[in-house]
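The listed protein sequences correspond, in order, to chains A and B.
Under numbering that gives the first Met the number 0, the residues of the first sequence are numbered 0 to 193, in order.
Under numbering that gives the first Met the number 0, the residues of the second sequence are numbered 0 to 313, in order.
A virtual CB, placed ideally from N, CA and C, is assigned to each residue, including glycine.
Quick caveat, the model's predicted, so the values are computed rather than measured.
Data block below; observations after.
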Amino acid sequence: MSDDGAAGDDAPAENQPHQFERLPATAAERDVPERATREGVVEFWAERYGVDPSVWEGYTFWEKGAGKVWAFADDLPSPVEVEALGMTFLRTGGEHWKPTTDAVQRFGRHATADDTVIDLSREQATRFLAGEDQELDWDGDWGYLVVRHEYGGGSVTGAVPDRADGPRPEPIGVGLFLHGELRSQVPKGRRREL
Amino acid sequence: MTDGIDDPGDVLGRYEPLVDDVEAFRAACARPLPAVVRVNEIKATPDEVRAGFEEEGIAYETVDWHDGLLRLPDGDPGHSWAYVHGWVYGQEEVSAVPALVLDPEPGERVFDPCAAPGSKTTQLSALMEDTGLLVANDSNLGRLSALRSNAERCGVSNVAVTNADARNFSLKPFSEGDEDDPFDRALVDVPCSCEGTIRKNPDTLAGWTLDHVEGVAGVQKGILERAIEMTAPGGTVVYSTCTFAPEENEAVLDHALRNSDCELVEVDLPLESRPGVTEWEGEEYDPAVERARRIYPHHNDTGGFFCAKLEVTT
């Protein structure tokens, strides 16, 4: 798969914004400087949010657009020119990596850390979804948090095998917690007044 | 009898010879349809969605033939937590039929050549348990952005989205080495004259012309032919439309049976339907087209639909 002939060997060592390129497994295999690695992505989710690395076993990670990482539930020969591959997943590049709303909504239920995962009341969740910033009494970490609330509860059977019966805290999106304030990172197109 | 429908050419009258109860057919076509949502099982179970709706005070009715569809008498809940979480997708109930007929399995390679805006794509992904490869293509870039945002909200992560003319789609990017790796299944839900959606869009028939029907039938044949070509022998191709026009339904299947390596197989639907027609306006089709299913608005109180299942041969 890595043997793509001369084109692959001579490829310039920089990000090609029009195509998806699979993240290298480790830093040792990296040819594009600054590019995130699979190892780094898995570690990030494990260390910051307590997501078990086994969650990513079926996934490949790709970069298209500088620092924009996508998660794909299968594999393809890299590079590949398509419009989208899996879902936008993580913004790397800056000092603090930032998960996307899609990633948190889809995988945030696997987050187990209690200092980066915050459960809001319905009223707080509604304000968060509307894009409002709010003062919050929070003892956990600063930075990007997985923001959840309880929804669709009752004595129902969960869609996820690791969930016990009872209300499930459902992830809404990413919040940025700084100086006692939770700033909603819900993208404009996903905000709602409920 | 069809008050409220903009049908200046009486297009529906054209299909009277095909239906069993003309009055009931016309009356159903004139009745609006309730909003329906499909539970997105990538993110939630039907039980959870019902519990969520109850929590939010959203009224729903169950659909007797499918647990994952809910009728909403008060309209589409675009402004609800259920929608925000990607637990539901607004989708007319008959439109849920072709993905169920295709019945893809987790881990397979599936092709969705006319995918936008994504109701069937997201349903296929859920049936595949969001594993394997789902190639979702559409020729229209604008519609593709709707597909992408719907797939994102639903948490679909096994999709590769492409923007190509499905009639000459290339398998190259999805293949290892020099040989093309075929698909296991394809859902060929082609663009059509959409007469079956009259209950949703009462002006669907306002601009109807036979020229358009004949033109779009040519496109449909090309898309189906290429999909069959790219599917492995023994694999399944489902052909579907939301039109009653035999030119776009049985005639397209007849063309595929004569020109491609495929045969039509029986379809067992959980809702009432009629067989495909073998004769239309002086044309005769391969008798096997009877195995296709026609779904009429008056039989299940739904939209109209056409669906056929093909097996690829060598």
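Cβ of residue i within 8 Å of any chain B Cβ
i        : result
Gly64/A  : no
Arg162/A : Annotation note: pLDDT 44 at Arg162/A (below 50); position unreliable, no value reported.
Leu195/A : Since the displayed chain A opens at 0 and closes at 193, residue 195/A lies outside it and no answer follows.
Arg34/A  : no
Asp101/A : yes
Val155/A : Annotation note: pLDDT 40 at Val155/A (below 50); position unreliable, coordinate value reported separately. Chain B, which has a Cβ nearer than 8 Å to the Cβ of Val155/A, makes this yes.
Leu89/A  : no
Pro76/A  : yes
Gln123/A : no
Gln184/A : no
Arg105/A : yes
Partners in chain B for residue i, counting only beta-carbon separations shorter than 7 Å
i        : result
Val116/A : Those within 7 Å of Val116/A in chain B number zero; the least Cβ separation is about 16 Å.
Phe71/A  : Ser156
Glu169/A : His84
8 Å contact criterion, which residue i and residue j should meet: CB distance rounded
i        : j        : result
Ile117/A : Trp137/A : 6 Å
Glu224/B : Ala185/B : Their Cβ separation, rounded to whole angstroms, is 11 Å, which puts Glu224/B and Ala185/B out of contact at 8 Å.
Leu22/A  : Phe71/A  : Leu22/A to Phe71/A, Cβ: 11 Å. No contact.
Ser156/B : Gly85/A  : 4 Å
Ile171/A : Phe106/A : With 8 Å as the limit, Ile171/A and Phe106/A do not qualify as a contact, their Cβ atoms being about 13 Å apart.
Ala159/B : Ile222/B : Between Ile222/B and Ala159/B the Cβ distance is about 18 Å, and since that is not below 8 Å, they are no contact.
Trp80/B  : Glu55/B  : 6 Å
Glu182/B : Val237/B : Looking at the sequence shown, residue 182/B is not Glu but Phe. Rounded, the Cβ-Cβ distance is 12 Å, inconsistent with contact.
Under 8 Å from the C-beta of residue i: neighbouring residues of chain A
i        : result
Thr161/B : Val81 and Glu82
Neighbouring residues, chain A, relative to residue i (Cβ below 9 Å)
i        : result
Val48/B  : Gly151
Thr130/B : Gly57, Ala72 and Asp73
Arg273/B : Those do not exist, as Arg273/B stays about 36 Å from chain A at its closest Cβ, beyond 9 Å.
Arg147/B : Glu82 and Ala83
Gly143/B : Here residue 143/B turns out to be Leu, not Gly, going by the sequence shown. Those are Glu82 and Ala83, listed as they occur along chain A.
Glu15/B  : Under the 9 Å cutoff, chain A gives no residues; its nearest Cβ is about 43 Å from Glu15/B.
Glu194/B : The premise fails here: Glu194/B is roughly 31 Å from chain A at the closest Cβ pair, so nothing lies under 9 Å.
Residue environment, residue i, which counts as buried when at least 16 other CB atoms sit within 10 Å
i        : result
Asn136/B : buried
Asp188/B : buried
Ser120/A : exposed
Val288/B : buried
Gly67/B  : buried
Leu126/B : buried
His298/B : buried
Glu175/B : exposed
Lys119/B : buried
Gly314/B : The first residue shown for chain B is 0 and the last is 313, placing residue 314/B beyond what the model contains.
Val264/B : exposed
Pro32/A  : exposed
Pro168/A : buried
Thr208/B : exposed
Leu133/B : buried
C-alpha distance - residue i paired with residue j, whole-angstrom precision
i        : j        : result
Pro7/B   : Ala205/B : 6 Å
Ser192/B : Ile227/B : 22 Å
Ala23/B  : Ile4/B   : 15 Å
Cys340/B : Pro190/B : Residue 340/B is absent from the structure shown; chain B starts at 0 and stops at 313.
Arg147/A : Ile41/B  : 18 Å
Glu247/B : Asp75/B  : 30 Å
Pro33/B  : Ala124/A : 30 Å
Val83/B  : Val36/B  : 13 Å
Gly139/A : Asp114/A : 4 Å
Ala45/A  : Ser53/A  : 10 Å
Thr61/B  : Ala95/B  : 14 Å
Leu140/B : Ala150/B : 15 Å
Tyr143/A : Gln18/A  : 28 Å
Arg25/B  : Leu71/B  : 24 Å
Ala244/B : Asn162/B : 28 Å
Ala98/B  : Ala145/B : 19 Å
Arg190/A : Ser148/B : 14 Å
Glu38/A  : Pro78/A  : 19 Å
Beta-carbon neighbours of residue i, restricted to chain A and to distances below 7 Å
i       : result
Val36/B : Correct list: empty, because the minimum Cβ distance to chain A is about 14 Å.
Residue-chain proximity (residue i, chain A), Cβ-Cβ < 8 Å
i        : result
His78/B  : yes
Pro172/B : yes
Glu178/B : no
Glu262/B : no
Glu151/B : yes
Gly51/B  : yes
Ala226/B : no
Ala43/B  : yes
Glu54/B  : yes
Cross-chain neighbours of residue i in chain B, by beta carbon under 8 Å
i        : result
Leu193/A : His78, Ser79, Trp80 and Val83
Contact test: residue i Cβ vs the ligand FMN heavy atom, cutoff 7 Å
i       : result
Gly77/B : By its list of ligands, the structure shown contains no ligand whatsoever, and the ligand FMN lies outside what it can speak to.
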